[in-house]
Structures are given as structure tokens and as C-alpha cells.
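There are 2 protein chains.
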Amino acid sequence: MKKATSFDIAHMAGVSQSTVSRALSDSPLVNKETRDRVKQIALDLNYKVDKNASNLRKQHSQTLALLLFEDPTNDDSLINPFFISMLASITKATADAGYDLLVSFQNLNDDWHAEYEDSNKADGLILLGYGSYTDYEYKLSQLEEQGTRFLRWGAPDENHPGVSIGSDNFLGGYMVARHLIGLGHRKFAFLGEANVGAPEFLARYDGCQKALNEAKVDTSSMLQIDAISTDLDGFEAAEKLLAKIDHISELDAIVCASDLIAMGCIRAIKSKGYKVPHDIAVVGYDNIQVSEFASPPLTTVHQNTLLAGELLVGNLLKMIKNVPVDDLLMQPELIIRQSCGATSQC
Amino acid sequence: MKKATSFDIAHMAGVSQSTVSRALSDSPLVNKETRDRVKQIALDLNYKVDKNASNLRKQHSQTLALLLFEDPTNDDSLINPFFISMLASITKATADAGYDLLVSFQNLNDDWHAEYEDSNKADGLILLGYGSYTDYEYKLSQLEEQGTRFLRWGAPDENHPGVSIGSDNFLGGYMVARHLIGLGHRKFAFLGEANVGAPEFLARYDGCQKALNEAKVDTSSMLQIDAISTDLDGFEAAEKLLAKIDHISELDAIVCASDLIAMGCIRAIKSKGYKVPHDIAVVGYDNIQVSEFASPPLTTVHQNTLLAGELLVGNLLKMIKNVPVDDLLMQPELIIRQSCGATSQC
DNA sequence: CTGAAAGCGCTTACAG
DNA sequence: CTGAAAGCGCTTACAG
């Protein structure tokens, strides 16, 4: 059976096709009785407005595109749990706004910047990725040049084109260190890259440093080992760290740049026969689901992904309506569990 | 700047608009030089074919829709990790096939069945949901009646309309029990719903029973406590279970219908001062990421989500091309870790 | 309140 | 190998 068109409805209702279109879009221009009749027939025929035709005519798609890209050094079968959480909230917020969501995993090398808005597949883009945006800053500029509406998840940065929404990683790192200092810890190590290639991690590291400096803790000999956000890298980084010291007592606390790193770190510590937090405190970042079930449960920093998704979608929609929008920095929240030694049940 | 159209390109290339269209779609009908010239101009202008126009004309959308729905009794901010894994693999497989993916979280009550294909937003649907399909069997029938191409994730079932791809939960449950029996366990309990409302769980339960019967284990007094797939429900179900017995030695092994249930179960056992697997073995199902980092690491059943995604997308694409497609049952895989007492490091 | 008409930007028979 | 033309199914000025 061929799909019904607005002409079919018009014929059956004894009105013009224009009237059908108006009735179906609840135009106040059409007589209530006519409208109800048309709507009933549409319902009976299971008629749905053809989106392609409608979008072509209206010159927009009523859909948003979510471009997810991860550090290609990561195993791509394993999506960062934090992203997943964002994905879920963006999906929800998009649906709530009456838009469709096109989801796409992008390789950093692909020609992703061009595909979506230009072809009218989406009215705007959300860019979600870890790591340094410098790698594809050129692409962002191009996006902007083309007049594409896009919003980036990440720290606002004057040097980057476009507007962004991000979580205050500096503050998060600061909060973590303040908390550990308050618990009496003084000898710190940091696991995770702390360079411009990983701006989120670097900000966490810097925030940490600030708290230590404020507390007059000597950080000149503070150890830092690179690790990307995986359990395995965390494990290996912790092993390297442990190999560098003579005795576990040389360290009070290990600040990990992410929960995944912390999970691996705890594994490595345990495998050497040490106990967390008895021998050493470990904290993570992200509050991924695993962190709650870790042993011991991980003290970490929570980012409100639900709010983030709503903000991302809400502001992108504003941009599409040509409402100017500012960068946004969200406040993280410290989640205190057992791994730092703060609670009794260790 | 207004977006370039194929007419603009035609004008600049000094050819007709038809030729531009042909050149851009690599039609062999057009002279190589003409084609190259047209393509170069398109590149210079950053021209992209308008999808709405193209789709309208071709009468298909080159996109697939993924409809995710969960048991509404679940907290909807928490997506089942197994789904997430499926989502990732479906996204990838869809992209590999050159299709776009529309993602949507559905409420079981919504009018989801009608929206997608009828409006030409998608060429086909993938339905992904836990629980019983009987609730919305009517909607599936309607989908079929309308000639919508759709594929369901779940156990093939003669009573359900449409074709499905699923994992053999009965076999998974059977494998788990066989393994535990081989380890010498005889006194079993099952945590998770085992009724028609949760067909996946029921199949796991039944498979378990079969192995026990084959091994001549008396199952007449086997305890079973309902739980949906959350950590909290697992915790509460385990507490109920523990309250029903006089001493932990009355139980050898607890088979949990999902990893999330198992996580809660282990927490409950530990909180009572017992040790897993020393005092009692616990196994899960799904092999979600958490299971590996659990303490002790969880013995569980892995479902190959990567393959599942490829199969789902591949077969849906076949259906769209009117190639007949059969139901598929995938083989699960037992993942042996410490929680069952099989490995030394307990 | 309603209808006839134009046009969104393509693809693809049809004709040469 | 190329072009003129039709038409996909809508929405929305325009005219009444």
C-alpha cells in the first residue's frame, strides 16, 4: 500500500491540499470543524507528514547532530562512561525539545565538520570530545566560517572558535586536594597527563597544585605519571609510581585524573599487597558508575551530566534561533566515599 | 552567505544542473573531465547535496532509527550498561554502512511505532528493550501491518510479529549452572524475576534449572527472589534471601539474573560479614564493565554486543532491500573470574 | 476562512 | 555523453 499524501486527505475531506496542511499544523486560520475532520481522516489513514518534503520546504531539519569523538589512542570499542552519561542526557533533552538526534562517532581525521549542517541533515551540532581541541581547531574555524551552529563540550577557551559549555576542572582538582589536605595528607602524587594535549587533566592537576600551594605543602618533589583514561594505563602508571619510591610511606595520597585511572591504580596498589585507604588514599574524577562499586568505593568528583545535556541542547537551540549565547562553566561536586580515608568503614 | 545549490555549480561549470547531479554521484554517464571540473567547483564552494531534497526525490532517508526503551520501573536516568554497549556497536555498524542513525529513548506508552518510517525519517527501525514484548505486541503488529521494516533485539518468539535477533539466555543460564556444579556447588539460589514479564531472566532461570536437573541436584527447595536489574534491587533481594536461611552454609551459590543484581548481592553478603567466594559463590550475567572491577571480579556471561550490533544493522539493511531475513540466536560466553571460586586468587 | 500556485533542491526517465 | 523537464510532498505568500 502506497503511503498517503496530503492530497489523498484533501480529496477525502473535500478540501484543498493547502487546507489539509494548515489543519494538520494547527493553523488558527482553518475552521475548527474542517480541522477536526481533516485530522480524523489523517488519523484513520495513519498519515504522517513527510519530513523530507516538509524540511525541504521549511529549510530546516528539526534535528540536532551529536558528534562524539574520542582520543584515537583509546580502544574504540570502549566508550568513556562519562560520555555515555552525556549521550543519555543529550538524547533526552533533545527529545524533550521536539527535535530528533543524529548520533555519530567521529574519527578525528574524518571530514566531519562539513557533513551535517551543510547538507541540511541537522540544524546544529553538539561536539563532545575529550582531549585537546587544538588538533582540530582549524575545523572549528571552518565550521564557524560556514555559519554552522555548534556548541562544544569543554572548557571555554578564548583561543577556540565558537562557544562552549564545560565543567570547571580546575575547581574540581582544587576541591579534591583541599579535601585530602583536610584529612591530613601531605605527600601527593598525580596520575594522568598534565599537559596541553589533555586540557581537562591539566586543569585538574593545576587546581590540585593551587590547593597544595595554599596549604604551604612542598610540591617540588611531587610525582606525576602520564596516563590516558583507561584502567590499564592507570595500572601501569601506578606501578611506575610505586617503583619510583622506596617505601609506601613516602606517599599519602594519589590523585587520579579520572575514575578509570583510579580503578587501575587501586588494582596495582592491591597487587603489591598494600591497602587503600589504610596505606594510601586514592581519589578519582568523573563519578562513573563503577566508582560506587569499587572496593573501596571511590572518592571522586561528580559532573552533573543531566544538567550539562540540558544546557547544551538548550543553548544550541537558542543559537539556532539566533539568540546570542555565552560560554558556561559548570561547578563540579566532590563525592566522598571510602577510598580517601574520610569515612569510618575502611 | 546563502548555501550553494547544484544550479550554482552548474552555472560556474558551464554545464546543466542535471550534469552536476550526475557528476557528483559518480555517474559513469558523465565525461571524466566534466566530472572532475564539477567536483572541484563543488569542493571549492563547500557544496553538499541537500539531504532533504535528495531524500524526497529518492523516497528514502538513508537513515536508521534506534528506539531504546526500558522498563519504566527503572530509574530512567540510569541506562542499562548492556544497552549502552549495544548502542555503541549499532552506531558504529550504521556508520560503516553509510547510514545515519537517529537515536531515541522511548517511553513504552508513547506513540513511537508510528513516527519514524511513516514520516520518511528512517528507512527502518531497530527496537532495543528489556522485558516483555507482550506489553506492546499490538504496536509491533501495527508496525508490521504498515509495512515498516523493523528488527527487534530479544529472543525469537513465534508469538511476536516481526523478526528478531537475540542472545540465547537459556544456554547462558545453563552454562553458568554447569560451571558451578563442576566446582562442587549444589545448593543454589536465584536472584531476579523468573516470570513471563521478564523473558530474558526467565530463560536464564530455566537454563539453570535444566543443568541442575541433569546433575540430579534436588531443586525442590531452591530459593528464588524477584529483582529487577539494579544494584539496589540486588541488595534487597540478597537481604531477603539471607533472612530466609538459618546459616550461610545452607547455600553454595547465588545465580544472579544480571551483573547489576550481582553487585548488590555481593554488597549485601559483605555487609553481613560473609566473604565471596569463600562463604558463598556469586555469578552475574551481562559482563558489563563494572563486573571486571568488582571485588571479587565477577564470573558472568558475556554477550557479544559488537557482533549483535553488526547483525542487527546488517539484517535490517537486508530487509530494507527486501531480502528475507531469519531470526537469529547468538551464543553467549561464560567469563570465569573469582566470584565463583574457580580461580586461585580468592 | 479557503484555494490555486509557486517553489524548496534535488534525481532520473526521456530525448537527442 | 548532455540537457530540458517532470516531479518527489510539502508550506506559505498571494488573492479572494
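For the protein sequence lines, the chains are A and B, in the order given.
Residues in the first sequence are numbered from 1 upward in steps of one, following full-length UniProt numbering.
Residues in the second sequence are numbered from 1 upward in steps of one, following full-length UniProt numbering.
For every residue, glycine included, the Cβ atom is placed at its ideal position computed from N, Cα and C.
Check your understanding: In terms of residue numbering, what span does the beta strand (DSSP E) encompassing Ile225(A) cover?
Key -> Run containing Ile225(A): 223-225, per the beta strand (DSSP E) assignment.
Review point. What do you reckon, are the CB atoms on Val217(B) and Arg267(B) nearer than 7 Å?
Key: For the 7 Å CB-CB criterion, Val217(B) and Arg267(B) do not form a contact.
Review point. For the segment 311-319 of chain B against the segment 287-299 of chain B, are there 3 or more C-beta pairs whose distance is under 8 Å?
Key: Taking one beta carbon from each stretch, the segment 311-319 of chain B and the segment 287-299 of chain B have fewer than 3 pairs nearer than 8 Å; the two do not touch.
Practice item. Check the C-beta distance from Pro332(B) over to Ser89(B) and give it rounded, since I have them as a contact under 8 Å. Key: So it is not a contact: roughly 16 Å between Cβ atoms.
Practice item. Note the first and the last residue of the continuous beta strand (DSSP E) segment covering Ser164(A). Key: Unbroken beta strand (DSSP E) run through Ser164(A): 163-167.
Exercise for review: Report yes if the C-beta distance between Ile126(A) and Leu151(A) is below 7 Å; otherwise report no.
Suggested key: The Cβ-Cβ distance between Ile126(A) and Leu151(A) falls below 7 Å.
Practice item. Give the residues of chain B in contact with Asn304(A), contact being defined as C-beta atoms less than 8 Å apart. Key: Correct list: empty, because the minimum Cβ distance to chain B is about 11 Å.
Check your understanding: Whose C-alpha, out of Leu334(B), Leu43(B), Glu144(B), Arg149(B), is nearest the C-alpha of Asp8(B)?
Key -> Among Leu334(B), Leu43(B), Glu144(B), Arg149(B), the Cα nearest to that of Asp8(B) is on Leu43(B).
Exercise for review: Return the CA-CA distance between Leu87(B) and Met12(B), expressed in angstroms with no decimal places.
Suggested key: Cα-Cα distance, rounded: 44 Å.
Review point. Skipping 5 residues on each side, what residues in its chain have a beta carbon closer than 8 Å to that of Ser344(A)?
Key: Reliability fails at Ser344(A), whose pLDDT of 45 lies under 50, so the model's placement of it is uncertain and the value that follows must be treated cautiously. Excluding sequence neighbours, Ser344(A) sits near nothing in its chain.
Check your understanding: Less than 7 Å separating the beta-carbons of Phe188(A) and Tyr205(A)?
Key -> The Cβ-Cβ distance between Phe188(A) and Tyr205(A) does not fall below 7 Å.
Review point. Mind pulling the chain A residues with CB within less than 7 Å of Phe105(B)?
Key: Within 7 Å Cβ-Cβ: Thr91, Lys92, Ala95.
Point to revise | Under 7 Å between C-beta atoms of Ala257(A) and Phe201(A) | key: A contact, by the Cβ cut-off of 7 Å.
Review point. When you compare each of Val282(A), Leu45(A), Gln59(A), Asn46(A) to Asp252(A) by their alpha carbons, which one comes out closest?
Key: Looking at the Cα atoms, Val282(A) is the closest of the given residues.
**Study point:** Span separating the alpha-carbon of Asp76(A) from that of Gly341(B)
**Key:** Interpretation of Asp76(A) is limited by its pLDDT of 44, a score under 50 that renders its predicted location unreliable; the figure taken from the coordinates is listed afterwards. About 32 Å.
Exercise for review: Identify whether Asp75(B) lies in helix, strand or coil by the three-state DSSP scheme.
Suggested key: Unreliable placement is indicated for Asp75(B), whose pLDDT of 46 sits below 50; the coordinate value is still reported in the next sentence. In this structure, Asp75(B) counts as coil in the three-state DSSP scheme.
Practice item. Counting only runs of 4+ residues fully inside the segment 6-88 of chain A, write out the alpha helix (DSSP H) ranges in chain order. Key: Correct list: 6-13, 17-24, 32-44, 51-58.
Practice item. Use the C-beta contact count for Arg337(B): other C-beta atoms within 10 angstroms, 16 or more gives buried, fewer gives exposed. Key: Arg337(B) comes out buried.
Review point. Taking C-alpha atoms, which residue in Phe69(B), Ala53(B), Lys58(B), Leu67(B) lies nearest to Gln59(A)?
Key: Looking only at Phe69(B), Ala53(B), Lys58(B), Leu67(B), the smallest Cα-Cα distance to Gln59(A) is reached by Ala53(B).
Practice item. Return the chain-ordered ranges of every beta strand (DSSP E) run that is complete within the segment 194-244 of chain B and spans a minimum of 3 residues. Key: Secondary structure remark: continuous beta strand (DSSP E) runs of at least 3 residues inside the segment 194-244 of chain B, in chain order: 223-225.
Review point. Taking the Cβ atom as the reference point for each residue, do Tyr174(B) and Lys210(B) lie within a distance shorter than 7 Å?
Key: When the beta-carbon positions are compared, Tyr174(B) and Lys210(B) come within less than 7 Å of each other.
Check your understanding: Under 7 Å between the Cβ atoms of Val313(A) and Ala95(A)?
Key -> Result no, Cβ atoms of Val313(A) and Ala95(A) do not sit closer than 7 Å.
Practice item. Could you check the C-alpha separation between Ile254(B) and Lys244(B) for me, to the nearest Å? Key: In this structure, the alpha-carbon of Ile254(B) lies about 14 Å from that of Lys244(B).
Exercise for review: Could you check if Gly147(A) is buried or exposed, using at least 16 other CB atoms within 10 Å of its CB as the buried criterion?
Suggested key: The residue in question, Gly147(A), is exposed, as its Cβ has fewer than 16 Cβ neighbours within 10 Å.
Point to revise | CA-to-CA distance, Arg149(B) to Val323(B), given in whole angstroms | key: Between Val323(B) and Arg149(B), the C-alpha separation is close to 11 Å.
Review point. What residues are listed by DSSP as bridge partners for Ala189(A)?
Key: In DSSP, Ala189(A) forms a bridge with Leu223(A), Ile254(A).
Check your understanding: Residues in its own chain within less than 8 Å of Phe170(B) by CB, not counting five upstream and five downstream?
Key -> Once the five neighbours on either side are set aside, the close Cβ partners of Phe170(B) are Ala203, Arg204, Asp206, Gly207, Lys210.
Check your understanding: When the cut-off is 7 Å and only beta carbons count, does Lys321(A) lie next to chain B?
Key -> No, Lys321(A) does not count as interfacial toward chain B.
Review point. How about Ser229(A): is its C-beta nearer than 7 Å to some C-beta of chain B?
Key: No, Ser229(A) lies away from the interface with chain B (no Cβ there is under 7 Å from its Cβ).
Exercise for review: For Val283(B), decide whether its Cβ has a neighbour in chain A, counting only Cβ atoms nearer than 7 Å.
Suggested key: So no, Val283(B) is outside the interface.
Exercise for review: Flag this pair as yes or no: are the beta carbons of Ser141(A) and Gly154(A) separated by less than 7 Å?
Suggested key: In this structure, Gly154(A) does not lie closer than 7 Å to Ser141(A) by Cβ.
Review point. Going along the chain, which residues of its own chain have a beta-carbon closer than 6 Å to the beta-carbon of Asp279(A), five neighbours each way excluded?
Key: Only Ile248 meet the Cβ criterion.
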